[in-house]
Each structure stands twice: as C-alpha cells, then as structure tokens.
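J.:
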Amino acid sequence: MAAELGEDVPGLIGLLLLLGVVGMALLAPWIAPHDPAAQSVLARLAPPAWLARGDPAHLLGTDALGRDVLSRIIWGARATLLVGVAVVLLSGSFGVLVGLVAGYAGGRTDAVLMRLVDIQVSFPGVLLILLIVSVVGPSLLTIVVVLAITNWMIYARLVRGTVLSLRSAPYVEAAEIVGCGPVRILWRHILPNLVSPLLTVAILEFTNVVLAEAAISFLGLGVQPPATSWGLDVASGRDYVFVAWWLVTFPGLAIAVTVLGVNLFAGWLRVTTDPREREKRFGWSRAARALAGRAQ
Amino acid sequence: MTPTLAVEDLSVDYTVTDRGGLWPRRRQVPALRRIGFEIEPGETLGLVGESGSGKTTAGRAILRRVETSGGRILFRGTDITHASGPALRRLRAEMQLILQDPFTSLNPRMRIADIVGEPLLVHRRAASRAEMRDRVAALLEKVGLPADSGARFPHAFSGGQLQRVGIARALALRPGLVVADEPVSALDVSVRAQVVNLMQDIQRQEGLSYLFIAHDLAVVRHISHRVAILYGGCMMEIAGRDAIYDNPRHPYTEALLSAVPVPDPPAQRLRRRSAPPAAAPDMAQPNAGCVYAARCPRATGHCRAEAPPLAEIAPGHRVACWHPL
Numbered sequence: 174m175a176a177e178l179g180e181d182v183p184g185l186i187g188l189l190l191l192l193g194v195v196g197m198a199l200l201a202p203w204i205a206p207h208d209p210a211a212q213s214v215l216a217r218l219a220p221p222a223w224l225a226r227g228d229p230a231h232l233l234g235t236d237a238l239g240r241d242v243l244s245r246i247i248w249g250a251r252a253t254l255l256v257g258v259a260v261v262l263l264s265g266s267f268g269v270l271v272g273l274v275a276g277y278a279g280g281r282t283d284a285v286l287m288r289l290v291d292i293q294v295s296f297p298g299v300l301l302i303l304l305i306v307s308v309v310g311p312s313l314l315t316i317v318v319v320l321a322i323t324n325w326m327i328y329a330r331l332v333r334g335t336v337l338s339l340r341s342a343p344y345v346e347a348a349e350i351v352g353c354g355p356v357r358i359l360w361r362h363i364l365p366n367l368v369s370p371l372l373t374v375a376i377l378e379f380t381n382v383v384l385a386e387a388a389i390s391f392l393g394l395g396v397q398p399p400a401t402s403w404g405l406d407v408a409s410g411r412d413y414v415f416v417a418w419w420l421v422t423f424p425g426l427a428i429a430v431t432v433l434g435v436n437l438f439a440g441w442l443r444v445t446t447d448p449r450e451r452e453k454r455f456g457w458s459r460a461a462r463a464l465a466g467r468a469q
Numbered sequence: 008m009t010p011t012l013a014v015e016d017l018s019v020d021y022t023v024t025d026r027g028g029l030w031p032r033r034r035q036v037p038a039l040r041r042i043g044f045e046i047e048p049g050e051t052l053g054l055v056g057e058s059g060s061g062k063t064t065a066g067r068a069i070l071r072r073v074e075t076s077g078g079r080i081l082f083r084g085t086d087i088t089h090a091s092g093p094a095l096r097r098l099r100a101e102m103q104l105i106l107q108d109p110f111t112s113l114n115p116r117m118r119i120a121d122i123v124g125e126p127l128l129v130h131r132r133a134a135s136r137a138e139m140r141d142r143v144a145a146l147l148e149k150v151g152l153p154a155d156s157g158a159r160f161p162h163a164f165s166g167g168q169l170q171r172v173g174i175a176r177a178l179a180l181r182p183g184l185v186v187a188d189e190p191v192s193a194l195d196v197s198v199r200a201q202v203v204n205l206m207q208d209i210q211r212q213e214g215l216s217y218l219f220i221a222h223d224l225a226v227v228r229h230i231s232h233r234v235a236i237l238y239g240g241c242m243m244e245i246a247g248r249d250a251i252y253d254n255p256r257h258p259y260t261e262a263l264l265s266a267v268p269v270p271d272p273p274a275q276r277l278r279r280r281s282a283p284p285a286a287a288p289d290m291a292q293p294n295a296g297c298v299y300a301a302r303c304p305r306a307t308g309h310c311r312a313e314a315p316p317l318a319e320i321a322p323g324h325r326v327a328c329w330h331p332l
C-alpha cells in the first residue's frame with residue numbers, strides 16, 4: 174500500500190499537506206515565533222515582511238491589535254483541526270448509524286427516523302446552536318457537540334438511500350440466505366460499499382464545519398479569545414479586507430490547503446478501499462514488480 | 008423414504024399498492040396458486056416457465072424469503088412453512104441458493120476465500136482459522152477453481168468462474184437442498200455445459216437435491232430427473248423428464264417444446280408452432296377458469312368456467328387440463 178501511495182502523486186501530496194498541518198498544530202509552542210495573543214499597538218496592521226513597510230519579525234504581518242498573523246495561524250490549527258475532525262467523526266458515526274438502521278429495518282422504524290431527520294433539517298441550525306451554547310456556556314467540547322447535533326442529517330439521508338438500493342442487491346440476498354445476521358450484513362456487506370460516497374460527503378462537511386465554527390466564534394459563542402482558530406481569524410479580519418488583505422488571506426489559505434490535502438488523500442483512500450479501482454490503477458506496476466522480482 | 012422437500016398447495020400473494028388516488032389502495036395479486044411437488048434425496052426437479060410464471064417466487068417461498076398465503080412446505084418431513092428465528096437460521100444451513108447473475112451475487116469488496124468461508128463462519132462450523140482455510144481450499148478445489156483464487160477479488164474472474172464461487176458458497180454447509188435460480192442463463196453458452204456438469208458431479212458425490220429453476224428447456228432436460236411446468240402461477244404438468252419431453256400431455260407444454268428451434272433450417276421451417284404467441288396472463292384479474300384458456304387452441308367453455316385440477320393420468324405423470332393431448 175505504501176508503494177502505491179508513492180505512485181499516486183496527488184495522494185502523496187495530500188498526505189504531506191495533511192502531515193504538515195497536523196505537525197504544525199502539534200508543534201505550535203516550539204515553532205510559533207510569537208505568542209499568538211501578545212498585542213502591540215505600535216506594530217498594528219503591519220503588512221507581510223516582503224512588502225514595503227513590512228516588519229521582518231512578523232513574516233505574515235500583524236492584525237488590528239498587533240498580533241502576529243503567522244503565530245495565530247500556527248496556534249489556530251489546533252482548534253480548527255480538532256473541531257473539524259471531531260465533528261465529522263461524531264456526526265458521521267451517528268448519521269451513518271441512523272441511516273443504516275432506517276434503511277435496513279424499513280417500514281415504521283424508517284418512517285420515524287426519517288421524520289426526525291426532516292424535523293431537524295427544517296429547524297434553523299444556527300438558532301439551535303445559539304440556544305444550546307448560551308445555556309451550556311461556550312467551550313471547545315460544546316462547539317463539537319453542538320455542531321455534530323446540527324450536521325448528522327446529511328449522512329443519515331445519504332446512507333439510508335444507498336442502503337435501500339443495496340439491500341435488494343443479489344449479494345446481500347445471498348448473504349441473508351447463507352444465514353448472516355443483520356449486524357454482519359450491514360457491517361460486512363453494506364457499509365464497505367458505502368465508503369466512496371461517505372468520504373466525499375465527509376470532506377465537504379469538514380469545510381462546512383470549519384466555516385460554521387468560524388461563524389459561531391465570530392458571534393462570540395465559539396472559540397474564546399485568547400485562544401484562536403482559523404475561522405475566527407477569517408471572521409474578525411473581514412472588517413479590514415480593504416486595508417489589510419493579509420488578515421483574511423492567510424488563515425483562509427490555511428483552510429484551503431487543509432481541505433485540499435484531505436481531498437487529495439481521500440482520493441487515494443477511495444481507490445485503495447475499492448478492489449476493482451485499485452487493480453485498475455495499480456495493477457500494472459504491481460505485475461511489473463512481480464515480474465522484476467522473478468527475473469532476479 | 009421421506010422426500011427432501013414436499014410442497015403442498017403452496018400459494019403466494021403479492022400485495023400491490025396503487026398510489027393513483029387520494030389514498031393508497033392495496034390489493035392482492037396471486038403469484039402462485041396451490042402448487043405442489045416433491046423432491047427426493049439426490050433428485051433434481053426442473054421448474055420451467057416463462058417470465059412471470061412464478062418460478063422464482065416458488066424458489067423464494069421454499070427458502071422462506073417470501074411469505075406464503077396458503078399451503079405447507081415440508082423439509083425432510085418437518086413443517087417449515089412458518090419457521091422463524093433460530094429455527095430459520097438452522098434451516099438456512101440445510102437449504103441454499105445459487106443465484107442467476109454471478110457478477111452481482113458476490114460482494115465486490117470481499118475476497119473469494121471470505122465469500123466462500125462466510126457460511127462456515129456465521130454457522131460456527133470451523134473450529135480454527137487453519138480449519139477454515141483448509142475447508143475453503145477444499146471447496147474451491149471441488150468446484151474446479153485454481154488454488155490461489157481465494158486471495159483474489161470477484162472482479163478478477165470470468166462469469167463461469169464466479170458462478171463456481173457461488174456454487175462453492177452454496178455447498179459450504181453441505182446442504183440437503185439447493186435451489187438454483189436460473190444458474191446458467193447469465194453465462195456464455197460455451198461455459199453453461201461446464202457449470203451444469205459440475206452441478207451434476209457434485210450431486211452424485213454429495214447426494215443432494217436440486218430445485219433447478221430455468222427457462223432453457225435444453226439445460227433442464229440435461230440435468231433434471233423430473234420436470235414441472237408452471238404457467239401463470241399454476242402447475243400445468245409434472246412428470247419424469249422423458250415423459251415431459253417425449254410425450255407432453257398439456258397443450259402448454261407442447262407449445263413450449265415446439266418453440267425450441269431445431270438446428271436444421273428446412274426442418275425448422277416445416278414445424279408448426281402450436282401456440283399463438285401472446286402476452287403472459289394478467290395475474291391481477293380474477294379468473295375462475297384455466298389460466299391458459301385464453302391462449303389454448305383446445306380451450307372450450309368448460310376451460311373458461313372451471314379450473315382443471317392437477318390429475319394423475321399415468322403413473323407419476325400429472326396434468327392440469329380438461330382436454331389433455
């Protein structure tokens with residue numbers, strides 16, 4: 174598998190980007206040049222170092238309070254990645270579970286579960302978030318839970334629809350005749366065939382979650398200063414778009430690069446989890462290696 | 008000797024929901040009407056009929072995949088018509104299915120060894136991994152697949168090979184009865200014979216019974232000991248293979264046989280078609296008489312008024328017709 178990743182250049186780039194972002198988040202205390210919360214009125218709104226008036230001490234410039242943009246990006250990776258990944262995993266698992274049960278059980282169970290999804294979808298998410306956060310109080314855990322509560326429905330709908338069509342597939346019938354129980358059918362026969370669409374949706378949702386976290390933080394109910402996140406920086410830099418473009422550009426780029434990395438890596442993952450696609454893409458080089466090995 | 012399978016007066020109705028009006032309206036459409044047959048140990052019964060005749064429904068009902076609305080199904084003398092729960096699970100080990108399309112009946116994301124070993128796993132028939140591996144290897148060998156096929160995925164195989172995998176899976180639990188639902192109609196003509204011969208070899212070795220569902224009369228003649236003809240959910244005729252093919256007594260059976268082309272153009276041109284080609288019967292319309300009356304050249308008022316019973320006209324030869332040939 175490692176050798177195949179080496180041949181899949183986009184996949185490899187994706188993995189390197191992801192490793193870079195995760196490494197940045199983990200090593201933040203050692204690699205950040207400044208304290209991300211340290212303010213300096215004298216150095217406020219300094220442009221990136223390579224521009225005229227740029228300050229070499231602040232590579233990517235400073236914000237309206239004189240805080241170093243680069244340091245904030247490095248520290249902000251922590252909250253952004255944590256919230257993004259945790260929410261996608263949490264809402265994804267719950268949504269997939271609901272979808273599997275609804276699609277496979279059918280009948281009344283399906284109707285009840287899907288009406289729950291409808292109710293939740295029709296309810297404005299931001300309102301729910303504001304309500305819960307103002308009662309419970311803002312914290313990283315609250316954001317994760319609240320975002321998971323408002324984002325699981327898409328998985329449930331997607332999975333239910335696919336399960337409905339897969340459960341009449343001949344190989345599912347064959348498994349039932351063999352005597353497999355429902356859990357085994359869902360886990361071994363249906364879920365693996367859901368990987369591709371789920372990966373696609375999860376990646377799209379990751380971006381959504383990062384932006385939703387930004388929106389909540391912007392309203393003062395998400396990540397609390399002095400802590401920071403990319404979304405919060407983009408949101409608060411918005412007011413200065415015309416005087417200090419670097420405030421939104423660099424955190425925005427960080428989000429874009431992360432999503433790109435996830436996307437490229439997921440492309441490789443999707444191919445690798447599908448035996449047919451995998452052989453199409455890598456079969457030639459594998460056969461070539463086997464031949465070379467035999468020749469020696 | 009108790010037959011492996013006995014089916015008595017089996018009826019199946021499908022519920023159809025009309026959504027045209029304000030409220031959905033449900034009605035019952037009969038798919039099978041009081042059919043009955045027996046399969047002895049080591050015997051193959053061919054079940055023949057055109058599309059919509061109910062032959063697949065019959066197979067599914069016997070495997071307890073669709074609910075019956077009347078009659079009894081006995082497996083080795085035990086009534087299984089309403090089996091459920093653990094009893095049904097045990098039954099699954101005794102009755103297996105070979106599906107029509109080998110390309111869609113194997114999970115594309117599972118290795119061949121996992122597909123064939125799955126029955127052993129879910130019924131806890133293998134004590135260890137090593138035993139499981141050995142038994143899967145033995146099964147693959149038995150169906151004539153190369154020894155290294157276990158590690159590969161279904162997409163690496165041809166249709167004939169995949170159908171062998173399907174047969175190996177069906178045999179894994181050493182069932183007493185295998186329902187083969189059109190097992191060769193999705194295959195190339197050149198590999199049909201191989202798969203059919205494989206099924207016959209296995210039957211001789213294991214002494215199992217087949218319910219062989221097909222519309223290909225030549226294949227059915229080759230593999231079956233006895234043949235049952237189904238039309239419109241009703242049993243038309245059942246008899247030994249040679250009696251059906253050489254001496255059909257039901258007009259529908261004769262029509263079916265006459266529709267098989269002869270590989271000799273002048274002879275083919277001279278043959279008469281004994282049945283007007285017509286659409287399959289509309290099962291939703293209640294019909295008091297014989298289901299075949301609308302297409303039958305011999306039909307009389309009696310046929311349209313009253314359905315003929317399945318009567319024995321020669322030893323082991325039963326026909327549902329008022330005017331048998």
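Here the protein sequences line up with chains F and R, keeping their order. The opening residue of the first sequence carries number 174 in our numbering; numbering runs sequentially from there. The opening residue of the second sequence carries number 8 in our numbering; numbering runs sequentially from there. In this text, a Cβ means the ideal position worked out from N, Cα and C, and glycines have one as well. As the structure is a prediction and not an experimental result, all values here were calculated from the model.
Rounded to whole angstroms, what's the CA-CA distance from R:P161 to F:L185? Just pull it up for me.
T.: Computed Cα separation, rounded: 28 Å.
J.: Using alpha carbons as the reference points, say which of R:R34, R:V172, R:V143 and R:Q103 lies closest to R:N114.
T.: Comparing Cα positions, the closest option is R:V172.
J.: Is F:I363 near F:V351, with beta carbons less than 8 Å apart?
T.: Contact flag unset, no.
J.: Strictly by DSSP, which residues pair up with F:D241?
T.: Partner(s): F:T235.
J.: May I ask you to report which of helix, strand or coil DSSP gives F:F379?
T.: Reduced to three states, the DSSP call for F:F379 is helix.
J.: Which residues in the same chain as R:V226 place their Cβ atom closer than 7 Å to its Cβ, once the five residues preceding and following it in sequence are excluded?
T.: For R:V226, where only same-chain residues beyond five positions count, the Cβ hits under 7 Å are V191, R199 and V203.
J.: Using a beta-carbon distance cut-off of less than 9 Å, what residues from the region 333-356 of chain F approach chain R?
T.: Listed in sequence order: A342, P343, Y344, V345, E346, A347, A348, E349, I350, V351, G352, C353 and G354.
J.: Enumerate, from N- to C-terminal direction, the unbroken alpha helix (DSSP H) stretches of 4 or more residues contained entirely within the region 72-118 of chain R.
T.: List check, alpha helix (DSSP H) in window: 92-101.
J.: Going by C-alpha distance, which of F:I247, F:G234 and F:L192 is nearest F:W203?
T.: Answer by Cα proximity: F:I247.
J.: Closer than 7 Å, Cβ to any Cβ of chain F: which residues of the region 211-222 of chain R, in chain order?
T.: From the region 211-222 of chain R, no residue has a Cβ closer than 7 Å to chain F.
J.: Residues in the region 68-88 of chain R with C-beta within 8 Å of chain F's C-beta atoms, listed in sequence order?
T.: Answer set for the region 68-88 of chain R: L70 and R72.
J.: Compute the distance between the beta-carbons of R:T88 and R:S18, then report whether it is under 8 Å.
T.: Against a cut-off of 8 Å, the Cβ pair of R:S18 and R:T88 comes out as no contact.
J.: Decide if the region 251-264 of chain F is in contact with the region 313-332 of chain F; the criterion is three or more beta carbon pairs, one per stretch, under 8 Å apart.
T.: The answer is yes - the region 313-332 of chain F touches the region 251-264 of chain F, with three or more Cβ pairs under 8 Å.
J.: Relative to the alpha-carbon of R:L54, which residue among R:R233, R:S265, R:M102 and R:T11 has its alpha-carbon at the smallest distance?
T.: Considering only alpha carbons, the answer is R:R233.
J.: So, helix, strand or coil for R:Q35, using DSSP?
T.: Correct three-state label for R:Q35: strand.
J.: DSSP puts R:G247 in a beta bridge; with which residues?
T.: The partner list for R:G247 (beta bridge, DSSP) reads R:R233.
J.: Taking F:R449 as the query, report the chain R residues whose CB atoms sit under 8 Å from its CB, ordered along the chain.
T.: Ordered by position in chain R, the residues that pass the 8 Å Cβ test against F:R449 are P115, F160 and H162.
J.: Compare the C-beta of R:R96 against all C-beta atoms of chain F and say whether one is closer than 8 Å.
T.: With 8 Å as the cut-off, R:R96 counts as an interface residue toward chain F.
J.: On the premise that R:S216 lies in contact with R:T9, defined as a C-beta separation below 8 Å, what is that separation, rounded to the nearest angstrom?
T.: Wrong, their Cβ atoms sit about 12 Å apart, outside the cutoff.
J.: So R:H324 is in the beta strand (DSSP E); what residue range does that whole segment cover?
T.: Here the beta strand (DSSP E) through R:H324 covers H324 to V326.
J.: Taking Cβ positions only, does R:Q103 come closer than 8 Å to chain F?
T.: Yes, R:Q103 counts as interfacial toward chain F.
J.: Return yes when the Cβ of R:I236 is within less than 8 Å of the Cβ of R:G56, no when it is not.
T.: Taking 8 Å as the Cβ cut-off, R:G56 and R:I236 qualify as a contacting pair.
J.: Run the CB neighbour count on F:W419, radius 10 Å, all protein chains shown included, and call it buried at 16 or more, exposed below.
T.: So F:W419 ends up on the buried side.
J.: Measure how close the beta-carbons of F:L243 and F:P220 come, nearest whole angstrom, since I'm counting them as under 8 Å.
T.: At roughly 13 Å, the Cβ-Cβ gap does not stay under 8 Å, so F:L243 and F:P220 are not in contact.
J.: Is F:R281 close to the ligand GTP? I mean its beta-carbon at under 7 Å from any heavy atom of the ligand.
T.: For the ligand GTP, the structure offers nothing, since it holds no ligand at all.
J.: Find out if the Cβ-Cβ distance for the pair F:Y277, F:V374 is shorter than 8 Å.
T.: No, they are not a contact pair.
J.: Does the Cβ of R:I251 have 16 or more other Cβ atoms within 10 Å, making it buried, or fewer, making it exposed?
T.: Classification for R:I251: buried.
J.: Looking only at its own chain, which residues have a Cβ that is under 7 Å from the Cβ of R:L169, when we skip the five neighbours before and after it?
T.: So the list reads P109, F110, L113 and P161, once near-sequence residues are dropped.
J.: So does the region 262-270 of chain F actually touch the region 324-336 of chain F, counting three or more Cβ pairs closer than 8 Å?
T.: At 8 Å Cβ cutoff, the stretches touch.
J.: At which residues does the beta strand (DSSP E) containing R:G53 begin and terminate?
T.: Unbroken beta strand (DSSP E) run through R:G53: T51 to V55.
J.: What are the start and end residues of each continuous beta strand (DSSP E) run of 3 or more residues lying completely inside the region 141-192 of chain R, in chain order?
T.: Runs found: 184-188.
J.: For R:M139, which three-state DSSP category applies?
T.: If DSSP states are grouped into helix, strand and coil, R:M139 belongs with the helices.
J.: Out of R:L152, R:A13, R:T51 and R:V326, point me to the one whose CA is closest to R:R83's CA.
T.: Answer by Cα proximity: R:A13.
J.: Show which residues of chain R have a CB atom less than 9 Å away from the CB atom of F:P370.
T.: In chain order: nothing, as chain R lies at least about 14 Å away.
J.: Report the CB separation of R:A177 from R:L104 in whole angstroms; it is logged as a contact under 8 Å.
T.: Confirmed, about 6 Å.
J.: According to DSSP, which residues form a beta bridge with R:F219?
T.: Answer is R:G53 and R:A187.
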